[in-house]
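**Q** Per this note's numbering, residue 1 is the first one in the sequence shown, and the count goes up by one each step.
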Amino acid sequence: MINREVYEKDPSLNKLLNQGVAKVTSGVEKHELETLRYEITNFVCDGQYAKGLERILRSYLSNLDKPEQPGVWVSGFYGSGKSHLVKVLQYLWNDYEFPDGARARGLAKMPESIKDQIVELSTQAKRRGGLHAAAGTLGSGAGDSVRLALLSILFRSIGLPSQFARACFLLWLRDEGLEKPVRNHVQAAGLDFDRELTNLYVSDGIANAVLASRPQFADRPADVRILLQKQFPNVNDISTDDMIEKIR
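#1: Would Val224 and Val210 qualify as a contact pair, given that the criterion is a beta-carbon distance under 9 Å?
#2: For the alpha helix (DSSP H) that contains Ala125, what are its first and last residues?
#3: Assuming Ile153 contacts Ala135 under a Cβ cut-off of 8 Å, what Cβ separation, rounded to an integer in Å, is found between them?
#4: State yes or no: is the C-beta of Tyr91 within less than 9 Å of the C-beta of Ala133?
#5: How would you write the range of the alpha helix (DSSP H) that Cys168 sits in, first residue to last?
#6: Alpha carbon to alpha carbon, how far is Thr240 from Asp144?
#7: Closest by CA to Gly106, which one among Tyr38, Arg156, Val182 and Lys180?
#8: Compare the beta carbon distance of Val74 and Lys66 with 9 Å and say whether it is the shorter of the two.
#9: Please work out which residues of its chain come closer than 7 Å, Cβ to Cβ, to Val86, disregarding the five sequence neighbours upstream and downstream, and give them in chain order.
#10: Answer yes or no: do Arg147 and Asp237 have a C-beta to C-beta separation smaller than 9 Å?
#11: From the DSSP output, read off the bridge partner residues of Glu54.
#12: Could you give the first and the last residue of the continuous alpha helix (DSSP H) run that contains Ala104?
#13: Spatial neighbours of Leu191 within its chain, please: C-beta separation below 7 Å, excluding the five flanking residues on both sides.
#14: Would you tell me roughly how many angstroms separate the C-alpha atoms of Ile118 and Leu57, rounded to the nearest one?
#15: Give every residue of the same chain whose Cβ lies closer than 6 Å to the Cβ of Asn249, excluding the five residues on either side of it in the sequence, and list them in chain order.
Right, here's the structure in full:
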């Protein structure tokens, strides 16, 4: 007998799409979804993985009616699969639907005890407003601010820019009922809205669109740009109260 015959799947015939390293992201590009599908389908939900999922789900469900939800610390040595567990749980939590209609919970092989807990999770969600999951790394894109890093993960999970000022600008547009007219005006000018948003403080397209959608906002486009920079400044950190307000 040779080593490869010991495995359920012949490693010489099966490629590791993630190169053995799970990245906790929410990417939706074709290659990212292929890797995600591979990771969920090949998730080995037994041993410590199964115990970890069971403990996380049990803790969450048992504390739904409590004033606080305790946090969970996923520990293990380097390369033990911590990120893999967190990433798979993120997509099982929402029962992520792939472009072909396949869903994460249908692809993953799980013990009945965990399936029952996930069913209970969905049942409780129907009574309480739905499910949402967000995952990422705190060390990406927010300098030394843990609060901004956390918000960037949450912003990305709902389709907002990860950068604080741009996300706040979009939230303001939504609150004021201006997002659609501003987007339409920018696109009608032959511009890409996301690209203009990246250059928020100097974008003629966005300044003109805001002024067209709300003429009383300023006297001229140059004034719009000044006001946007004052109202939605780049910041190095925010208070905990401000973070909670944005999350809500």
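Ideal placement from N, C-alpha and C gives every residue a C-beta, glycine not left out.
Predicted, not measured: the structure shown is a model, and the values here were computed from it.
**A** To lay it out plainly:
#1: A contact, by the Cβ cut-off of 9 Å.
#2: From DSSP, the alpha helix (DSSP H) with Ala125 extends over Glu112 to Arg128.
#3: Contact holds; Cβ gap of about 7 Å.
#4: Going by C-beta atoms, Tyr91 is nearer than 9 Å to Ala133.
#5: Segment Phe164 to Asp175, the alpha helix (DSSP H) holding Cys168.
#6: Whole-angstrom Cα-Cα distance: 14 Å.
#7: Nearest option by C-alpha distance: Tyr38.
#8: No; because the gap between Cβ atoms is not below 9 Å, this pair is not in contact.
#9: The beta carbon of Val86 sits closer than 7 Å to those of Val24, Val74 and Ala135, all from its chain and outside the five residues before and after it, given in chain order.
#10: Their beta carbons are under 9 Å apart, which means Arg147 touches Asp237 by this criterion.
#11: DSSP lists no beta-bridge partner residue for Glu54.
#12: Run containing Ala104: Ala104 to Leu107, per the alpha helix (DSSP H) assignment.
#13: Same-chain partners within the cutoff: Gly205.
#14: Straight-line Cα distance between these residues: approximately 8 Å.
#15: The chain is shown only over 1 to 248; residue 249 falls outside these bounds and no answer can be derived.
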